[in-house]
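Novice: Dropping a structure here in structure tokens format, bear with me for questions.
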Amino acid sequence: MSPPRRKASNSHVTLKNTMSDNINTLTTQHGVPISDNHNSLKAGPRGPTLMEDFILREKLTHFDHERIPERVVHARGAAAHGYFKVYKPLSLVTSAGFLQDPAAETPVFVRFSTAVGARGSADTVRDVRGFAVKFYTQQGNYDLVGNNMPVFFIQDSIKFPDLVHALKPEPHHEMPQASSAHDTFWDFVSLMPESTHMLMWLMSDRAIPRSYRMMEGFGVHTFRLVNSHGQSTFVKFHWKPKLGLHSMAWDEAEKLAGRDPDFHRRDLWDAIDSGHFPEWELGVQLIDARQEAELNVDLLDATKLIPEELVPILPIGRMVLNRNPDNFFAETEQVAFNPGHLVPGIEFSNDPLLQGRLFSYADSQLSRLGGPNAHALPINRAVCPVHHFQRDGLHQSAGQKGRVAYEPNTLARGSEFRLDGATHGFHSSPDDLQSPKLRQRSASFDDHFSQAKLFWNSQSQAEKAHVVAAFRFDLSKVESTEIRQRMVDNLAHVDMKLASRVAAQLGIHTPDAAAAAGRLGYRHQTMQSELQEAPSLSMVGRYKPDIRTRKVAVLAADGIDMISVKRVIQELTAAGLHCKVIGPHLGHVASATGRTLAADYTFSNTASVMFDAVLIPGGVASADELCRLGSAVHFALEAYKHCKPICAINEGVLLLSALGFSMGMQKETAISVPTPGVVIADSQRALQGQISQAFIAAMLQHRHWDRINLDSVPA
Ligand code: HDE
């Protein structure tokens with residue numbers, strides 16, 4: 038059962054309908070009723086169209102200009118409305134109003150995105166995901182414009198255009214779309230050892246999330262919280278998903294990009310639409326001046342993180358997304374985030390990557406949204422009173438009145454608008470900036486490999502294997518052997534085994550750490566870290582015992598054993614899972630006794646990659662028919678290959694016979710788990726409820742990455 042739908046709380050950021058209430062009458066933009074929307078005005082029924090047809094011209098002109106420039110990065114995204122509530126007043130560390138009252142709900146709009154692909158590219162590509170949150174607070178809008186990885190490729194914003202030019206499709210033929218697997222990207226990053234830590238994250242399963250709802254989010258940079266006494270504390274922001282952290286298999290992500298390019302967008306929409314509102318907890322790492330001095334990491338370096346093991350995350354509030362947008366263009370496309378949108382009580386740090394961003398966003402939006410008034414679009418508008426003397430500009434819609442557009446004045450309402458910074462207006466904390474003007478990076482930024490090594494050391498065996506496979510995949514698409522060699526030589530500084538495993542399939546020499554030294558862009562200083570491993574960097578152990586909204590495919594044909602399957606479906610549904618029946622055709626499949634089950638999909642209009650788990654019911658005739666259907670056999674094998682939980686009841690196991698499973702294997706027990714995540718059940722002997730229980734237990738782990746010999750599975 039879906040939970041009852043809650044009424045969305047943030048109705049003041051709802052779009053107003055601009056169409057006339059009388060929708061039976063079409064009008065022009067200026068309200069003139071249109072008598073015929075099917076025929077243009079012509080000189081006779083077979084004559085040429087007349088220039089005078091202002092209705093046709095207006096319609097075509099508007100249509101011709103429907104598209105606006107897409108975001109130069111993060112063009113592809115999906116968004117939702119919701120609210121944020123703080124757990125306890127945070128007045129000790131910040132004066133930010135929205136972080137004080139546990140009873141108050143602050144409306145939010147959140148946009149998730151991929152970074153590289155064009156607006157129409159696929160959702161499931163290997164990429165960092167954007168995680169941008171706009172808080173509509175009573176002290177103005179606050180934007181926390183983060184990613185699903187805690188570090189970034191570069192340290193200084195002056196390298197951002199180079200990074201993006203290298204990563205985007207190559208300019209001569211505009212290929213490949215939304216992929217890092219090409220020469221220019223690896224050429225650039227192999228010459229920029231500061232990227233190595235981020236590359237480890239990008240080649241890990243974090244870059245192929247199962248769902249936006251199952252991703253962590255990070256503010257990446259260090260910010261500052263400032264209290265009403267002007268005391269400042271460094272802060273790193275973290276979002277933790279309630280559903281836990283989950284990813285998909287790389288082969289699955291690639292196939293999904295074709296099967297359903299909208300996979301993540303649809304997943305978010307469907308969850309909210311059915312009342313399963315995604316939630317995240319906001320946490321902070323607070324670092325005071327004393328701790329800063331003790332950390333072996335420069336807080337201003339965005340290629341580094343502060344391990345949770347050194348500075349624990351303090352949960353401070355909860356965000357719920359409970360309403361889909363009414364109009365994708367007006368909201369998701371026109372929303373304009375800007376890390377420069379702060380509220381009193383939150384301030385920047387001197388991170389040189391952040392400092393560049395403070396210029397870039399508003400500048401980029403000038404061309405994307407066509408002028409300086411994008412803040413007045415409904416989705417970007419503040420919910421608190423706004424008063425300033427900025428005037429005019431393209432698309433001005435404010436209807437500003439009066440003769441006074443300056444301050445100080447005596448002709449309007451006074452001349453003194455300065456507020457007491459400590460208690461009211463935004464106030465930048467004084468900073469002692471007695472330094473020489475120079476183009477230089479701090480020597481404390483020079484350690485490019487320690488945290489890449491920490492990340493590698495902290496991964497499970499299966500995660501390490503995925504990282505190696507991802508490096509191999511991407512680098513195998515690089516045509517230049519020189520670039521491939523350069524990259525694995527860099528990896529030798531992270532871990533020799535990692536570098537050798539990557540090199541093994543690339544037709545290049547054994548990695549050579551010494552060869553990397555002395556190259557352009559190469560600076561290497563290793564900071565001794567007290568941490569050799571940080572379990573928090575691994576995704577294993579972050580599985581939460583919450584399987585609600587996962588999708589189960591039930592493979593069925595005529596002759597299925599209806600009693601057991603219906604019961605299992607009922608129990609899985611009660612546990613919050615979404616079961617869908619896949620049949621050889623739409624309509625119904627029937628049991629031997631004539632009981633029927635409606636098919637939601639066919640084997641040709643869906644695929645195993647669309648599901649999290651597979652249930653194969655019993656019934657001799659059904660199992661026989663499925664075994665004859667290549668697409669059904671492929672469905673089951675592919676789910677196995679992607680390490681998904683599978684439950685086969687009675688004869689259903691025949692579908693897995695290509696993998697060597699047989700009913701004979703589990704004669705002794707009513708339910709057996711012959712390999713991780715595969716449940717084989719004898720419905721005649723299993724106790725009521727036992728089958729679903731065993732299947733749910735397998736699903737709690739989401740994916741069974743420890744399955745062996747997956748390369749030999751014919752799917
Ligand atoms: Fe962005 N980034 N970025 N970025 N970024 C943009 O803003 C930029 C960086 C991030 O859903 C652009 O309106 C520079 C880090 C997200 O609308 C642009 C630098 C992080 C989004 C821009 C960075 C991000 C953007 C593109 C290096 C994680 C999508 C159009 C100094 C903390 C927000 C636009 C949305 C979008 C510039 C680096 C996150 C061009 C110059 C680090 C989530 O202004």
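Following our numbering, the numbering of the sequence shown begins with 38 at its first residue and continues without gaps.
Glycine included, C-beta positions come from ideal geometry on N, C-alpha and C.
Keep in mind it's a predicted model, so treat the numbers as computed, not measured.
1. Is DSSP giving lysine 79 helix, strand or coil here?
2. Name the two residues that bound the continuous beta strand (DSSP E) containing threonine 610.
3. Just confirm the distance between the C-beta atoms of valine 626 and aspartate 595, as a whole number of angstroms; I'd bet it's less than 8 Å.
4. Could you name each continuous beta strand (DSSP E) segment of 3 residues or more that falls completely within the segment 525-593, going from the start of the chain to the end?
5. Mapping DSSP to helix, strand and coil, what is asparagine 687?
6. Would the segment 406-424 count as touching the segment 487-503 if we require 3 or more Cβ pairs under 8 Å?
7. Under the criterion of a Cβ to heavy atom distance below 8 Å, does proline 144 qualify as lining the ligand HDE?
8. Skipping 5 residues on each side, what residues in its chain have a beta carbon closer than 6 Å to that of alanine 449?
9. Are there any heavy atoms of the ligand HDE lying less than 8 Å away from the beta-carbon of asparagine 364, as far as the coordinates show?
10. Answer yes or no: the CB of asparagine 410 versus the heavy atoms of the ligand HDE, is any distance below 8 Å?
11. Which of helix, strand or coil does DSSP assign to alanine 459?
12. Entirely within the segment 460-528 and at least 4 residues each: give me those alpha helix (DSSP H) ranges in chain order.
13. Taking only the alpha-carbon atoms, compute the straight-line gap between lysine 79 and alanine 435 and give it to the nearest angstrom.
14. Does any heavy atom of the ligand HDE sit closer than 8 Å to the C-beta of arginine 243?
15. Going along the chain, which residues of its own chain have a beta-carbon closer than 7 Å to the beta-carbon of arginine 428, five neighbours each way excluded?
16. Considering only the alpha carbon of each residue, which of Ile708, Pro139, Gly714 lies closest to alanine 723?
17. Smallest Cα separation from serine 227: which of Ser645, Pro713, Leu332, Ser517?
18. Tell me whether glutamine 477, by its Cβ, gets closer than 8 Å to a heavy atom of the ligand HDE.
19. Taking 8 Å as the cut-off, is the CB of glutamine 402 close to at least one heavy atom of the ligand HDE?
20. What three-state label does DSSP hand proline 198 in the structure shown?
21. Do the segment 216-230 and the segment 161-174 make contact, defined as three or more Cβ pairs closer than 8 Å?
22. Here's the rule: buried if 16 or more other CB atoms are within 10 angstroms of the residue's CB, otherwise exposed. What is threonine 12?
23. Quick check: the Cα distance between proline 711 and proline 315, rounded to an integer number of angstroms?
24. Relative to the ligand HDE, is the shortest distance from any of its heavy atoms to the C-beta of serine 573 smaller than 8 Å?
25. Cα separation between methionine 702 and arginine 250?
26. I need the DSSP call for glycine 177, collapsed to helix, strand or coil.
27. Looking at the ligand HDE, does it come within less than 8 Å of valine 372, judged from the CB to the closest heavy atom?
28. Would a C-beta distance cut-off of 9 Å place tyrosine 120 and threonine 86 closer than the cut-off?
29. Shortest alpha-carbon distance to glycine 281 belongs to which of Pro381, Ala506, Ile745, Ile584?
30. Count the other CB atoms within 10 Å of the CB of threonine 369; is the residue buried (16 or more) or exposed (fewer)?
31. I'd like to check one pair, alanine 507 with alanine 529: are the Cβ atoms closer than 9 Å?
32. Any heavy atom of the ligand HDE closer than 8 Å to the CB of arginine 302?
33. Helix, strand or coil for tyrosine 120 per DSSP?
34. For leucine 136 and isoleucine 353, which I take to be in contact (beta-carbon distance under 8 Å), what is that distance rounded to the nearest angstrom?
35. Quick check: does the Cβ of histidine 111 come within less than 8 Å of any heavy atom belonging to the ligand HDE?
36. Give a single yes or no on whether histidine 546 has its beta carbon closer than 8 Å to a heavy atom of the ligand HDE.
Specialist: In brief:
1. strand
2. Note, threonine 610: premise wrong, no beta strand (DSSP E); alpha helix (DSSP H) at 599-611.
3. 5 Å
4. 588-592
5. helix
6. no
7. no
8. The residues are Val441.
9. no
10. no
11. With a pLDDT of 48 at alanine 459, under the threshold of 50, the predicted position of this residue should be treated as unreliable, though the coordinate-derived value follows. Alanine 459 falls in the coil class under three-state DSSP.
12. Runs found: 487-494, 498-513, 518-528.
13. 40 Å
14. no
15. So the list reads Gln437, Ala442, once near-sequence residues are dropped.
16. Ile708
17. Ser517
18. no
19. yes
20. Of the three classes helix, strand and coil, the one that applies to proline 198 here is helix, per DSSP.
21. yes
22. It is not possible to answer for residue 12, since the shown part of the chain is limited to 38 through 752.
23. Cα to Cα, proline 711 sits roughly 34 Å from proline 315.
24. no
25. With a pLDDT of only 48 at methionine 702, under 50, the local geometry of the prediction cannot be trusted, and the value read off the model is given with reservation. Roughly 38 Å between the two C-alpha positions.
26. strand
27. yes
28. no
29. Here the closest residue by C-alpha is Ile584.
30. buried
31. no
32. Placement of the Cβ of arginine 302 at a distance of 8 Å or more from every heavy atom of the ligand HDE is found.
33. strand
34. 7 Å
35. Checking every heavy atom of the ligand HDE against the Cβ of histidine 111, one is found closer than 8 Å.
36. no
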